[in-house]
Amino acid sequence: MTLKTLLLSFLTSCTAHSAVAQTLGGVEYSPKATTFHITTSPDVKKVNVLLSDTDCDSPTEQLTKQMKRVGAGKWKLTVKSDLKGKYYLFSVYNNAQPDNTPGIFAKAVGVNGKRGAIVDLRDTDPEGWADDVRPALSNPCDLVIYEMHHRDFSVDLSSGLKHKGKYLALTEPKAIEHLQRLGVNAVHILPSFDYASVDESKPDVPQYNWGYDPLNYNVPEGSYSTDAATPTTRIREFKQMVQALHRAGIRVILDVVYNHTFDINGSNFQKTYPDYFYRKTAEGKYSDGSGCGNETASEKPLMREFMKESVEYWIKEYHIDGFRFDLMGVHDIETMNEIRAMVDQIDPSIYIYGEGWSAGSCAYPQEMLAMKANTRQLNGIGAFCDDMRDALRGPFSDDHKGGFLIGEPDQEESIKFGIVGAIAHPQIDMTKVNYSREAWTNEPSQMVAYVSCHDDMCLTDRLRATVPYITDDELIRLDLLAQTAVLTSQGVPFILSGEEMLRDKKSVHNSFRSPDSINRLDWNNLKRYPQVFDYYAGLIALRKAHPAFRMGKAEEVRKHLEFVDAPKGVVAFRLKDYAGGDTWRNIYVVLNSQKTPQNVKVAEGSYTTVVTNGKVNADGLGLISGSTLTVAPQSALIVHD
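Quick note, my numbering runs 14 ahead of the 1-based positions in the sequence shown.
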């Protein structure tokens with residue numbers, strides 16, 4: 015390790031830690047002294063720090079230290095001794111009886127996040143951490159995102175992984191090899207901060223939750239570590255996971271849930287500064303735009319600063335490469351743009367995207383929220399394309415209603431809209447698009463293309479719900495057709511983990527707390543359906559090898575992507591004139607949802623087939639001559655001249 019590397023690592027660490035502590039509260043540790051900061055309501059008259067040697071609910075030895083007011087609502091305490099290994103609570107006198115909390119910016123905690131822990135974060139760095147490098151990325155459209163939950167991925171016996179349901183599973187050779195063979199270059203991990211619904215003190219009791227119930231936003235969840243009782247273990251193992259993925263060329267995207275907390279009265283926000291961090295209606299009731307009982311107020315200065323510093327902390331301390339914002343439509347546009355601008359100062363290649371909707375009405379003007387319809391006001395931030403998703407498989411509101419895949423009419427325009435990356439395109443009739451009447455992106459990199467995710471039925475369950483008595487053969491054909499649409503679209507493609515294994519969730523729509531038997535991946539499916547994995551991997555490799563499928567600029571897409579006349583139930587387009595600097599001059603993609611072969615007229619010529627009837631081979635699967643392409647039933651055809 016060079017002196018320069020060490021110095022840069024030290025400076026980065028110091029910048030992240032001190033900025034956070036000075037603004038919103040937290041702990042700055044050194045062997046000589048530990049300084050505590052907290053920001054409360056200006057009305058608070060007293061704040062103490064409670065120090066203890068253990069993480070017990072009633073520690074036998076607890077030392078009380080009174081903090082000093084250093085400004086309106088600002089409190090500080092420096093203890094000039096080595097406190098490493100101690101536990102702490104801030105005791106905030108919002109009323110006669112104090113609220114005890116680790117604060118809103120704890121960086122280490124004990125079991126279940128009740129107490130903050132004082133650690134030297136450098137002790138948590140795995141060997142070589144200072145030399146960890148973010149995998150290169152020149153354009154967000156080069157990403158292929160794989161959304162996964164730690165338990166889903168590795169908990170089943172069939173996975174063959176040692177650290178089942180743990181961060182360390184993603185450091186094991188089998189897991190890394192699987193991701194590399196598939197070809198994804200980014201994993202989106204479901205919420206991995208410390209959340210409230212799983213009891214970390216019972217590691218041997220099967221427990222499940224997606225994790226959308228935040229408790230401590232800036233500490234990894236303990237149940238995914240091998241030892242939740244030792245505060246440094248979860249931190250170190252999370253870093254080991256990131257390091258292993260980075261070495262494999264895979265970026266790590268963190269699912270962040272700043273839009274609500276698990277509850278109100280028990281939240282660290284409320285215990286620190288009552289009612290400040292939450293929105294209320296005109297009637298004085300807590301607003302519930304999250305659908306979880308509350309919504310945070312991102313537009314308020316301290317909440318906005320918290321979100322910015324939290325994102326910065328995850329980047330600098332944990333080397334995170336991207337962020338997926340849960341219910342991004344709850345947050346205000348200005349805050350999201352400030353986060354993007356801050357991240358750009360660190361590394362512009364860090365991708366930010368989110369759900370462009372809320373779960374209910376927010377107590378803030380909708381035109382000022384980061385809704386999908388307002389994405390053009392979000393500089394360099396992406397949103398999920400439900401227009402294309404629902405056109406392919408059917409509406410979110412009705413599990414039993416199908417879409418293009420099963421032959422439902424008049425879905426083609428919405429799919430075309432997704433194929434161009436939700437930009438304005440002269441061949442798209444916006445009056446026929448599912449949910450949008452105008453283009454909502456400035457650039458295709460702002461659109462996340464997908465057909466399934468953790469939230470809602472997975473693709474096989476949805477197809478079974480919409481096609482009663484569907485055979486495995488038809489199920490696979492439609493599954494592959496759906497993902498062909500996703501992976502040949504101009505936005506950022508996104509797939510749910512296990513889809514490459516033809517996973518199912520026993521038809522459970524909302525499996526956020528279903529047992530492992532519902533959510534787990536059955537790795538035996540790789541042997542049952544090898545053609546599914548091979549197709550996914552082949553299609554991903556084709557996309558990565560050919561820039562025509564991932565042009566990053568709207569003008570390039572308008573210039574080089576044109577739709578071709580096609581029968582009902584068929585979408586066809588040409589990527590022309592060496593699109594994106596591709597080595598292939600013209601590429602035709604045809605998506606056929608019909609149960610009969612379909613013909614599409616193209617320019618007279620000789621074409622090499624690279625995708626046909628559930629097979630992918632970039633070197634060629636045969637030659638076609640003439641001006642007609644015939645695509646097999648319920649499948650895709652891709653050729654080039």
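Every residue gets a Cβ at the ideal spot worked out from N, C-alpha and C, and that includes glycine. All values reported here derive from a predicted model rather than from experimental measurement.
(request) Measuring alpha carbon to alpha carbon, tell me which of D424, L184, N109, P234 ends up nearest T445. (result) Here residue 445 refers to the residue found at position 431 when the sequence shown is read from its first residue. When each option's Cα is compared against that of T445, the closest is D424.
(request) Work out the CA separation of M255 and S215 for me, nearest whole Å. (result) Here residue 215 refers to the residue found at position 201 of the sequence shown. Here residue 255 refers to the residue found at position 241 of the sequence shown. Just so you know, the alpha carbons of S215 and M255 end up roughly 22 Å apart.
(request) Leaving aside the five residues before and after G305 along the sequence, list all residues of the same chain whose C-beta is less than 6 Å from its C-beta, in chain order. (result) Within the sequence shown, residue 305 is the residue found at index 291, counting from 1. So the list reads A373, G374, once near-sequence residues are dropped.
(request) Mind checking who V93 pairs with in its DSSP beta bridge? (result) For the purposes of this step, residue 93 is identified with residue 79 of the sequence shown, where counting begins at 1. Looking at the DSSP output, V93 shares a beta bridge with T48.
(request) Tell me whether S641 sits in a helix, a strand or coil according to DSSP, three-state version. (result) Sequence index remark: in the sequence shown, residue 641 carries index 627 (1-based). Three-state DSSP puts S641 in a strand.
(message) Does A311 come out as helix, strand or coil in the three-state DSSP assignment?
(response) By one-based count along the sequence shown, residue 311 stands at place 297. Reduced to three states, the DSSP call for A311 is coil.
(request) Check D487 in the structure and name its three-state DSSP category. (result) By one-based count along the sequence shown, residue 487 stands at place 473. Annotated three-state conformation of D487 is helix, per DSSP.
(request) Please list, in chain order, all residues of the same chain as P228 whose beta carbon is under 7 Å from its beta carbon, the five residues on each side excluded. (result) On the sequence shown, position 214 is the one that residue 228 refers to. Closer than 7 Å at Cβ, skipping near neighbours: F207, Y209, V271, T275, F276.
(request) With a 10 Å radius around its C-beta and 16 neighbouring C-beta atoms as the bar for buried, classify A580 as buried or exposed. (result) One-based indexing of the sequence shown puts residue 580 at position 566. So A580 ends up on the buried side.
(request) Can you say whether F167 is buried or exposed, counting buried as having 16 or more other CB atoms within 10 angstroms of its CB? (result) For the purposes of this step, residue 167 is identified with residue 153 of the sequence shown, where counting begins at 1. If you draw a 10 Å sphere on the C-beta of F167, you find 16 or more other C-beta atoms in it, and that means buried.
(message) Our contact map puts L64 next to L103 with C-beta atoms below 8 Å; I'd like the distance itself, whole angstroms only.
(response) Counted from its first residue, the sequence shown places residue 64 at position 50. Counted from its first residue, the sequence shown places residue 103 at position 89. Yes, they are in contact, since the Cβ atoms of L64 and L103 sit about 4 Å apart, within 8 Å.
(message) Using C-beta distances below 6 Å, list every residue in its chain close to D146, excluding the 5 sequence neighbours before and after it, in chain order.
(response) The count along the sequence shown starts at 1 and reaches residue 146 at position 132. Setting aside the 5 residues that flank it on each side, D146 is surrounded in the same chain by Q257, H260, H333, each with a C-beta closer than 6 Å to its C-beta; the list follows chain order.
(request) Classify E381 as helix, strand or coil using the three-state DSSP reduction. (result) Residue numbering aside, residue 381 sits at position 367 when the sequence shown is read from its first letter. Here E381 sits in helix by DSSP.
(message) Does Q612 come out as helix, strand or coil in the three-state DSSP assignment?
(response) Sequence index remark: in the sequence shown, residue 612 carries index 598 (1-based). Strand at Q612.
(request) Give the single residue among Q460, I509, Q380, S620 whose Cα lies nearest to the Cα of I347. (result) As a working mapping, residue 347 is identified with position 333 in the sequence shown. By alpha-carbon distance to I347, the top candidate from Q460, I509, Q380, S620 is Q380.
(request) For T644, collect the residues of the same chain with a Cβ closer than 6 Å to its Cβ; drop the 5 residues on either side in sequence, then sort them by chain order. (result) Translated into positions along the sequence shown, residue 644 becomes position 630. Closer than 6 Å at the Cβ level, and outside the excluded window around T644, lie P611, N613.
(message) Just to check my reading of the structure: S428 and M402 have Cβ atoms closer than 8 Å, yes? What is that Cβ distance to the nearest angstrom?
(response) If you number the sequence shown from 1, residue 428 lands on position 414. If you number the sequence shown from 1, residue 402 lands on position 388. At roughly 6 Å, the Cβ-Cβ gap stays under 8 Å, so S428 and M402 are in contact.
(request) Look up P56 in the DSSP assignment and give the residues it is bridged to. (result) Locating residue 56 in the sequence shown gives position 42, where the first residue counts as 1. Looking at the DSSP assignment, P56 forms no beta bridge with any residue, so it has no partner.
(request) State the Cα-Cα distance for the pair P529 and P45, rounded to the nearest angstrom. (result) Position 515 of the sequence shown, counting from 1, holds the residue named residue 529. Position 31 of the sequence shown, counting from 1, holds the residue named residue 45. Each residue's CA atom was taken as its position, placing P529 and P45 some 44 Å apart.
(request) Measure the CB-CB distance between K98 and A47 and report whether it falls below 7 Å. (result) In the sequence shown, residue 98 corresponds to position 84, counting from 1. In the sequence shown, residue 47 corresponds to position 33, counting from 1. A47 sits away from K98, with the two beta carbons spaced by 7 Å or more.
(message) Buried or exposed for E569, going by 16 or more other Cβ atoms inside 10 Å?
(response) Here residue 569 is taken as the residue at index 555 of the sequence shown, counted from 1. Per the 10 Å Cβ criterion, exposed.
(request) Could you please give the first and the last residue of the uninterrupted alpha helix (DSSP H) stretch that includes A189? (result) As a working mapping, residue 189 is identified with position 175 in the sequence shown. Residues 187-196.
(message) In whole angstroms, give me the CA-to-CA distance for S503 and A200.
(response) Counting from 1 along the sequence shown, the entry for residue 503 is found at position 489. Counting from 1 along the sequence shown, the entry for residue 200 is found at position 186. S503 and A200 have their alpha carbons spaced roughly 17 Å apart.
(message) So, does the segment 593-613 touch the segment 631-641, judging by three or more C-beta pairs under 8 Å?
(response) The segment 593-613 vs the segment 631-641: no contact.
(request) Taking only the alpha-carbon atoms, compute the straight-line gap between S450 and Q221 and give it to the nearest angstrom. (result) The count along the sequence shown starts at 1 and reaches residue 450 at position 436. The count along the sequence shown starts at 1 and reaches residue 221 at position 207. S450 and Q221: Cα-Cα distance of roughly 40 Å.
(request) Check whether the Cβ atoms of N282 and T115 sit closer than 7 Å, and answer yes or no. (result) Within the sequence shown, residue 282 is the residue found at index 268, counting from 1. Within the sequence shown, residue 115 is the residue found at index 101, counting from 1. Their beta carbons are under 7 Å apart, which means N282 touches T115 by this criterion.
(request) Please go through the segment 103-148 and give each complete beta strand (DSSP E) segment of 3 or more residues, from N-terminal end onward. (result) For the segment 103-148, whole beta strand (DSSP E) runs of length 3 or above, ordered along the chain, are 113-115.
(message) Using only the alpha-carbon positions, how far apart do I267 and N232 sit?
(response) Taking the sequence shown and counting its residues from 1, one reaches residue 267 at position 253. Taking the sequence shown and counting its residues from 1, one reaches residue 232 at position 218. One alpha carbon belongs to I267, the other to N232, and they sit about 15 Å apart.
(message) Tell me which residues share the same chain as N533 and place their Cβ nearer than 6 Å to its Cβ, disregarding the 5 neighbours each side in the sequence.
(response) The count along the sequence shown starts at 1 and reaches residue 533 at position 519. Excluding sequence positions up to five before and after N533, its CB lies within less than 6 Å of the CB of D166, S525, all in the same chain and listed in chain order.
(message) As a quick exercise: from D404, Y549, W537, pick the residue whose alpha carbon is nearest that of T480.
(response) Locating residue 480 in the sequence shown gives position 466, where the first residue counts as 1. Ranking D404, Y549, W537 by CA distance to the CA of T480 puts D404 first.
(message) Rounded to the nearest angstrom, what separates Y287 and A632 at their Cα positions?
(response) For the purposes of this step, residue 287 is taken as residue 273 along the sequence shown, with counting starting at 1. For the purposes of this step, residue 632 is taken as residue 618 along the sequence shown, with counting starting at 1. One C-alpha to the other measures close to 59 Å.
(request) Find the nearest neighbour of V125 within the set Y238, P205, A183, judged by alpha-carbon distance. (result) Taking the sequence shown and counting its residues from 1, the one referred to as residue 125 is at position 111. Minimum Cα-Cα distance from V125 among the listed residues Y238, P205, A183 corresponds to Y238.
(message) With the cut-off set at 7 Å, would you say E42 and T53 are in Cβ contact?
(response) Mapped onto the sequence shown, residue 42 falls at position 28. Mapped onto the sequence shown, residue 53 falls at position 39. No.
(message) Restricting to Cα atoms, I'd like to know which of I353, L341, R390, F563 is closest to Y327.
(response) In the sequence shown, counting from the first residue as 1, residue 327 sits at position 313. Among I353, L341, R390, F563, the Cα nearest to that of Y327 is on I353.
(message) Check for me: the alpha helix (DSSP H) holding N539 runs from which residue to which?
(response) Indexing the sequence shown from 1 puts residue 539 at position 525. N539: member of the alpha helix (DSSP H) spanning 539-542, first to last residue.
(request) List the endpoints of the continuous beta strand (DSSP E) containing F339. (result) Taking the first residue of the sequence shown as 1, we reach residue 339 at position 325. Per DSSP, the unbroken beta strand (DSSP E) holding F339 starts and ends at 336-339.
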